Amino acid sequence: MIADPDDEVFEWPWPEGPGAEHVFAKQVELAGLLATRVPVFLDTNFWVWARQAAFGETDEAELISLLGALRMAVQSGKVFFPITHDLIEEFSKQPPDRLECTMILVDLLSLGVAMVPHHERVAIEIERFTARAHPEHPPKPRTLWTSYAFALGYEDLRPPGIAVDDALLVLMAETAWMTPPSRLARNLDAAMFDARARSQRLANFLNEQAALHAHELDGRASAVRHEVAGAASMIEGIAAREYRRMAEAAGHLAEARDIPKSRAVGKRIANMVAIALEQEVNQRAFGSLYIGAMLHAAIRSETKRKIKPNDVYDFRHAAAALPHCRAFFTDGPLAKLITSGHMKLDRLYDCTVVATPAEAIAVLGDLVIGTDRAAQV
1 MIADPDDEVF EWPWPEGPGA EHVFAKQVEL AGLLATRVPV FLDTNFWVWA RQAAFGETDE
61 AELISLLGAL RMAVQSGKVF FPITHDLIEE FSKQPPDRLE CTMILVDLLS LGVAMVPHHE
121 RVAIEIERFT ARAHPEHPPK PRTLWTSYAF ALGYEDLRPP GIAVDDALLV LMAETAWMTP
181 PSRLARNLDA AMFDARARSQ RLANFLNEQA ALHAHELDGR ASAVRHEVAG AASMIEGIAA
241 REYRRMAEAA GHLAEARDIP KSRAVGKRIA NMVAIALEQE VNQRAFGSLY IGAMLHAAIR
301 SETKRKIKPN DVYDFRHAAA ALPHCRAFFT DGPLAKLITS GHMKLDRLYD CTVVATPAEA
361 IAVLGDLVIG TDRAAQV
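Right, dumping it as structure tokens:
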């Protein structure tokens, strides 16, 4: 049973129907195709540098070498550079001609592969957590990778109140899946993302909330506790629907229909997760929650520092990259924050974090050439 969509508790139910099932099957197939490659996450500035080198906007030798290393890594069959909805949204701030060039590079370097959206990554983490406690009724295994067309998740294209043949829904899903990112992007109005205004509004809101609760903090440790508790509270709805799914699978139909009880259970699970995040093993398991909480806590613990609009995207990129990618190429300040002594998020998630073209070229060389050498030994 799905709760009221207007409710403040977001349950993020998995999509259903023939189109959704077709996309899920394609995701499983894609995961197999990517098994021999490692993902490397490019922050927006690296995509811009690559575009500048590819389309004659610069003659800087280091950027041209960077583009060559990126292409070589993909052509080697060992690396790919996935994108996310947040990258797409940030790309939309570019002028139309530069956006078109960026998306042509996305075709080449991402292989058309995107991560599933943040809320789906969180749902996967929660489902794995509950499955460890109740292994007799495991959830449907979900994959991290999808097609660019579904970077926001699958949405049934069936018009409300109109009957659509299931075969047509499958055909539409297949067509969208196979369409290159650059072609899909040409059919979207970049203004629909409203990226600058959205990130500014969110930054303003976060700063207002930080000021409102500033008296509750007495240093970095309390900022971390506050942010972790806030992040964990966002999973209440997902945990509630997962509880109802397991109840139904166990034959407890009354519990499966009891939304108030499931919400209470969801709240308890969220509290358990907040406590569990004190342990390193759970920090790794809940990367989508923990990384954002730690980065926001770092800002909040500095009383004179405020969240900037670009921080909104930077922190989302980090939450996507660190738990799931072999390397994260980002800007200097974020790299410094991630790798700082009190953070060490790069070590926690075994993800190499660098901020310059020269460092990125060296990392890619190790991934491509180093893998070859290891295979020969």
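Take my numbering: the last position of the sequence shown gets the number 377, and nothing is skipped along the way. Note that beta-carbon positions come from the ideal geometry of N, C-alpha and C, so glycine has one too. Treat the numbers as computed from the prediction; the structure is a model and nothing was measured.
Determine the extent of the alpha helix (DSSP H) in which residue i is found, giving its start and end residues.
| i | result |
| --- | --- |
| residue 149 | It is not in any alpha helix (DSSP H) - residue 149 carries neither H nor E in the DSSP assignment. |
| residue 437 | With the chain represented from 1 up to 377, any question about residue 437 goes unanswered, as that position is not in the structure. |
| residue 261 | 259 to 276 |
| residue 293 | 287 to 300 |
| residue 333 | 332 to 339 |
| residue 27 | 18 to 33 |
Can you have a look at residue i and say buried or exposed, based on whether 16 or more other CB atoms are within 10 angstroms of its CB?
| i | result |
| --- | --- |
| residue 117 | buried |
| residue 375 | Because the pLDDT at residue 375 is just 41, under 50, the model does not fix this residue reliably, and the point stays unresolved. |
| residue 259 | buried |
| residue 52 | buried |
| residue 448 | In the structure as shown, the chain starts at 1 and stops at 377, and residue 448 therefore has no counterpart that could be examined. |
| residue 99 | buried |
| residue 344 | exposed |
| residue 329 | buried |
| residue 357 | buried |
| residue 103 | buried |
| residue 75 | exposed |
| residue 36 | exposed |
| residue 28 | exposed |
| residue 130 | buried |
| residue 44 | buried |
| residue 205 | exposed |
| residue 275 | exposed |
| residue 340 | exposed |
| residue 22 | buried |
| residue 417 | Residue 417 falls outside the range modelled here, since the chain spans only 1 to 377, and no answer is possible. |
| residue 115 | buried |
| residue 209 | exposed |
| residue 54 | buried |
Helix, strand or coil for residue i per DSSP?
| i | result |
| --- | --- |
| residue 12 | coil |
| residue 113 | strand |
| residue 106 | helix |
| residue 312 | helix |
| residue 95 | coil |
| residue 243 | helix |
| residue 187 | coil |
| residue 139 | coil |
| residue 344 | coil |
| residue 200 | helix |
| residue 235 | coil |
| residue 85 | helix |
| residue 163 | coil |
| residue 57 | coil |
| residue 369 | helix |
| residue 252 | coil |
| residue 180 | coil |
| residue 134 | coil |
| residue 307 | coil |
| residue 358 | helix |
| residue 279 | coil |
Comparing C-alpha positions only, which one of the options sits nearest to residue i?
| i | options | result |
| --- | --- | --- |
| residue 319 | 296, 265, 32, 11 | 296 |
| residue 38 | 194, 168, 78 | 78 |
| residue 316 | 29, 86, 365, 36 | 86 |
| residue 350 | 69, 20, 283, 25 | 283 |
| residue 386 | 83, 321, 33 | This structure cannot speak to residue 386, because the chain is shown only from 1 to 377. |
| residue 147 | 25, 194, 204 | 25 |
| residue 41 | 322, 230, 348 | 322 |
| residue 279 | 353, 348, 208, 360 | 348 |
| residue 34 | 110, 197, 271, 140 | 110 |
| residue 363 | 313, 326, 338, 333 | 326 |
| residue 65 | 332, 359, 127, 120 | 359 |
Can you tell me where the beta strand (DSSP E) with residue i in it begins and where it stops?
| i | result |
| --- | --- |
| residue 353 | 352 to 354 |
Which one or two residues does DSSP pair with residue i in a beta bridge?
| i | result |
| --- | --- |
| residue 145 | 115 |
| residue 224 | Bridge partners of residue 224: none, in fact. |
| residue 40 | 327 |
| residue 126 | Per DSSP, none; premise fails for residue 126. |
| residue 79 | 38 |
With respect to 6 Å, is the separation between the Cβ of residue i and the closest non-hydrogen atom of the ligand ATP below this value?
| i | result |
| --- | --- |
| residue 112 | This structure does not include the ligand ATP; it has no bound ligands of any sort. |
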